[in-house]
Amino acid sequence: MIVLGIDPGYAIVGYGVVNYDRGRFSTIAYGAITTEAHTPFEDRLLVIFEDMCALLDRYQPAALSIEQLFFTNNKTTGIAVAEARGVILLAARMKHVPVYEYTPMQVKQSVVGYGKAVKAQVMEMTRSILGLEKIPKPDDAADALALAVCHAHAAGSILSSSRLKERLELL
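This is the structure we're talking about:
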């Protein structure tokens, strides 16, 4: 199963593509979609949308895993990130890729085993799980890979629990 993890933003959108097959991970690609600071906002959204469509076409993921939006003190930044998330979700919908959302705590729990882990722990465990020599840069790409790992773990347990349910129904 190929999973595209996305760390949303409007200046930098981190992405990470992993394959999860029979309990084993392999990293396909990771990086960032970047937009220029002094470009009109709607043009930045267009860049994100077009680049997301290109990623979806190139890697043909079975799922897109994205961080749930939460607002901090800066509402203006939160709204801009929400708008960027909107074009990401639109691209996934247009390409018929199902979207799964996870909170930062769910990602930490899945990757590290502790929902209150610090960012450095999540990055190091992601590197280790994926067998990478170094922690991916930029940080947004590392976060996106963690989101992809989180979904692969969740999908694996969903599949396992549905198989278990099927077996129990046969009894």
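The sequence shown begins at 1 in UniProt numbering and counts up by one.
All C-beta atoms in this analysis are idealised placements derived from N, C-alpha and C, irrespective of residue type, glycine included.
Buried or exposed: which applies to residue i, given that a residue is buried once 16 or more other Cβ atoms fall within 10 Å of its Cβ?
i	result
V149	buried
H38	exposed
D143	buried
L168	Here the model assigns L168 a pLDDT of 43, short of 50, so the residue's position is not dependable and the matter cannot be decided.
A54	exposed
A141	buried
S26	exposed
G9	buried
T76	exposed
A120	exposed
D7	buried
I need the DSSP call for residue i, collapsed to helix, strand or coil.
i	result
Y102	strand
F70	coil
I88	helix
G14	strand
R24	strand
G156	helix
I33	strand
Nearest chain B C-beta to residue i closer than 8 Å, yes or no?
i	result
Q60	Among the chains of the structure shown, chain B does not appear; only one protein chain is present.
Could you tell me the alpha carbon to alpha carbon distance between residue i and residue j, rounded to whole angstroms?
i	j	result
R58	K95	11 Å
V99	M1	14 Å
F41	A84	10 Å
residue 204	M52	Residue 204 lies beyond the stretch modelled for the chain, which goes from 1 to 171, so this question has no answer here.
M125	A152	15 Å
T35	I79	17 Å
G113	L56	29 Å
A63	G23	17 Å
Got a sec? Which residues, its chain only, sit under 7 Å from residue i by beta carbon, not counting five neighbours each side?
i	result
M105	G115
With residue i and residue j assumed to form a contact (beta carbons below 8 Å), what rounded beta-carbon distance in angstroms separates them?
i	j	result
A82	F49	Actually they do not touch by this definition, with Cβ atoms about 15 Å apart.
Below 8 Å CB to CB, which residues in the same chain sit around residue i once its five sequence neighbours on both sides are set aside?
i	result
P61	I2, V3, L4, V17, V97
T103	E67, Q68, F70
Spatial neighbours of residue i within its chain, please: CB distance less than 6 Å, with the 5 preceding and 5 following residues excluded, ordered by chain position.
i	result
Y30	G16, P136, A141, L145
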